Amino acid sequence: PTISTDLGRSSGINAEYGEVECVSWTTTSPFSFVAGTSEGRAVCVDIRQTKPLFTIAAHDSEVSGVAMSRHMPGLLVTCSADKTVKAWKVTESAASCVATREFGDCMSLHTIALCPDYGTMLAIGGLQGGLQLWDLATNREFREAFSIPTQGS
């Protein structure tokens, strides 16, 4: 579909949320994206609206990476300079944290990506920790939230 919008128009993210650090389009709508901010928030915006769909107080420091899964509807992952990665189960109007992991070997985390072929595998890049990998399916709370059976079940 063709999307026509006034690019000078406000996205619904204002100074109250902090500076935008990163952005990822959602995988469920061609009109929505999630932005990570310098105030530790993840803000979901529909470009057709002037107010955010939802805002998450995601981290204690800036949200430096966000990614949405193409394979698992509703899966949002965030990373931060606070050395944590969080997995969120999101709907059109809310989000809940279903898994958290601290990467203490890194001074801070800067970027995150979900594997395009294996929907629960994360690659995380950070300062002094290099590249880290995390398969979210190894986390019991994550498996329960997304109804993923344990191996051998």
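Read in the numbering used here, the sequence shown has 57 at position 28, and its numbers run on one by one without any break.
Glycine included, C-beta positions come from ideal geometry on N, C-alpha and C.
Computed from a predicted model, the values in this text were never measured in an experiment.
- A Cβ-Cβ contact shorter than 8 Å links residue 71 with residue 87.
- Residue 60 carries a coil assignment under DSSP once its states are collapsed to helix, strand and coil.
- Around the Cβ of residue 80, a 10 Å sphere holds fewer than 16 other Cβ atoms; the residue is exposed.
- Annotation: residue 57 to residue 102 spans about 7 Å, alpha carbon to alpha carbon.
- In its chain, beyond the 5 residues on either side, 149 and 150 have a beta carbon closer than 7 Å to the beta carbon of residue 164.
- For residue 167, the three-state secondary structure derived from DSSP is helix.
- When beta bridges are read from the DSSP output, residue 111 appears opposite no residue.
- Here DSSP, grouped into helix, strand and coil, assigns residue 174 to helix.
- When the Cα atoms are used, residue 153 and residue 160 turn out to be separated by approximately 6 Å.
- With respect to the 8 Å criterion, residue 92 and residue 50 are classified as neighbours on the basis of their beta carbons.
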